[in-house]
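Only one structure is covered here, and it is reproduced in the block below.
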Amino acid sequence: MQFSYFLTNYQLLQVDISLKLLKAGKHVLQEKPAASCINELETALSTYKSISADAPGQIIWSVAENYRFEPALIEGKKLIADIGKMMSVQVIVEGSMNSSNPYFSSSWRRSFTGGFILDMGVHFIAGLRMLVGCEVVSVSAMTSHVDLILPPPDNLSSVL
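Written out as structure tokens, the structure reads:
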């Protein structure tokens, strides 16, 4: 019998625990963020690929992402498919984060590297990937820190 695990623990421990479960042949659905930094993620992905290559069946490691189930995005994907080939996409996201926002009160978001932009940004990237139907192959970005009550960065401009 194959068991799967849903991992929702302290973010800094998730990668280690996920990899241990994957090495044991278990499927893992992990809460975001996938890792605490790019180096950790690249190492984890390399380890996962090695584990998967040696496994008798496909072991799944996925990050839980609720935007994949948003009705508006599901409908948008259908409409885009009906239109035809995607030539260009432009997305502008403006989100207000201040002390009145309920997410502001969670301490890990105020101390997490990447701050609220990373916390919210993963959802927008997941939605964009779903709508467009392809993977991001390169990113160029500029960040700034304007509001000192928020962790840096609090502003982002990027081209994917």
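Under the numbering used here, think of the first position of the sequence shown as 4, with each following residue one higher.
All C-beta atoms, glycine included, are put in the ideal place defined by N, C-alpha and C.
Quick caveat, the model's predicted, so the values are computed rather than measured.
Local Cβ density within 10 Å of residue 130, reported as buried at 16 or more and exposed below that: buried
query: Taking DSSP as the reference, what is the three-state secondary structure of residue 126?
result: helix
- prompt: Are three or more beta carbon pairs between the region 55-74 and the region 24-38 nearer than 8 Å?
  reply: yes
message: Just to confirm the assignment, what range does the beta strand (DSSP E) spanning residue 32 have?
response: 30-33
message: Taking the beta strand (DSSP E) that residue 158 belongs to, which residues open and close that run?
response: 158-162
task: Tell whether a beta-carbon distance below 8 Å holds between residue 142 and residue 161.
output: yes
query: Would the beta-carbon of residue 80 fall within 8 Å of that of residue 133?
result: yes
task: Give me the Cα-Cα distance between residue 127 and residue 151, rounded to the nearest whole angstrom.
output: 24 Å
task: Could you pull out every residue in the same chain whose Cβ sits closer than 6 Å to the Cβ of residue 38, ignoring the five residues on either side in sequence?
output: 18, 44, 47
query: What is the DSSP secondary structure of residue 135, reduced to helix, strand or coil?
result: helix
- request: Check each candidate in 55, 41, 42, 155 and name the one with the smallest Cα separation from residue 23.
  value: 55
field: Close Cβ partners of residue 4 (< 8 Å) along its chain, the five nearest in sequence each way excluded
entry: Unreliable positioning characterises residue 4 in this predicted model, as indicated by a pLDDT of 45, which lies under 50. The coordinate reading is nonetheless provided below. None.
query: How is residue 96 classed by DSSP in three states: helix, strand or coil?
result: coil
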